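Data block below; observations after.
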């Protein structure tokens with residue numbers, strides 16, 4: 001017997017909480033305004049041409065702004081930037097209008113999109129396609145400019161409903 005949809009949704013969210021995910025802040029600036037959101041539902045589609053996939057809740061305040069601006073920057077966060085993730089996820093009392101005042105941001109010289117100083121990487125691009133799937137919109141992003149930070153910092157991850165960091169495991173081989 002199938003589970004009711006609400007029970008299935010709860011089970012699905014619980015299962016997904018067991019998957020460690022990188023943490024990103026996606027920012028946009030243009031005629032519709034400046035805004036940002038914390039995301040974990042970001043994945044590579046292909047490297048030729050460089051393309052990302054973003055999943056954003058259809059009720060998120062960034063939706064109409066991002067759709068109008070069409071340009072964005074995907075900031076890959078380091079463990080030292082957990083506060084940024086919390087601000088842009090709405091987990092703090094900082095209002096959306098003041099989130100860009102809390103850390104050092106600069107606008108990219110070519111795309112003019114806000115990028116977080118010290119992020120592990122910045123991927124600048126534009127929306128090439130989108131469609132709605134259930135409660136979320138899926139955006140395909142063509143990447144136009146990439147900057148990778150040369151510092152060897154750990155990436156911020158979200159795992160079991162909390163922020164975490166990765167630790168390299170030692171290689172272990174056991175033969176029977």
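In the UniProt record's numbering, the protein residues as written are 1 to 176. Here a beta-carbon is modelled for each residue, glycine too, at the ideal position from N, C-alpha and C. All figures in this text were calculated on a predicted structure; none of them were measured in a lab.
Option nearest residue i by Cα separation, candidates the options
i: residue 154; options: 111, 160, 147, 164; result: 164
i: residue 108; options: 166, 144, 91; result: 144
i: residue 53; options: 131, 170, 167, 151; result: 131
i: residue 126; options: 142, 136, 137; result: 142
i: residue 73; options: 17, 97, 147; result: 147
i: residue 99; options: 44, 42, 38, 149; result: 38
Cβ neighbour criterion (16 or more within 10 Å) applied to residue i
i: residue 134; result: exposed
i: residue 128; result: exposed
i: residue 62; result: buried
i: residue 13; result: exposed
i: residue 171; result: exposed
For residue i, three-class secondary structure by DSSP
i: residue 54; result: strand
i: residue 65; result: helix
i: residue 9; result: helix
i: residue 133; result: strand
i: residue 108; result: coil
i: residue 82; result: helix
i: residue 46; result: strand
Beta-bridge partners of residue i, as assigned by DSSP
i: residue 29; result: 34
i: residue 163; result: 158
i: residue 127; result: 141
i: residue 151; result: Looking at the DSSP assignment, residue 151 forms no beta bridge with any residue, so it has no partner.
i: residue 103; result: DSSP lists no partner for residue 103.
Could you tell me whether the segment 29-43 touches the segment 63-78, using the rule of 3 or more Cβ pairs below 8 Å? With a cut-off of 8 Å on Cβ pairs, the segment 29-43 is in contact with the segment 63-78, counting three or more such pairs.
With a cut-off of 8 Å, do at least 3 Cβ pairs link the segment 119-136 to the segment 74-87? Contact between the segment 119-136 and the segment 74-87 is present: three or more C-beta pairs spanning the two stretches fall below 8 Å.
Would you call the segment 52-66 and the segment 97-115 in contact, with 3 or more CB pairs under 8 Å? Under the Cβ criterion (8 Å, minimum of three pairs), the segment 52-66 does not count as touching the segment 97-115.
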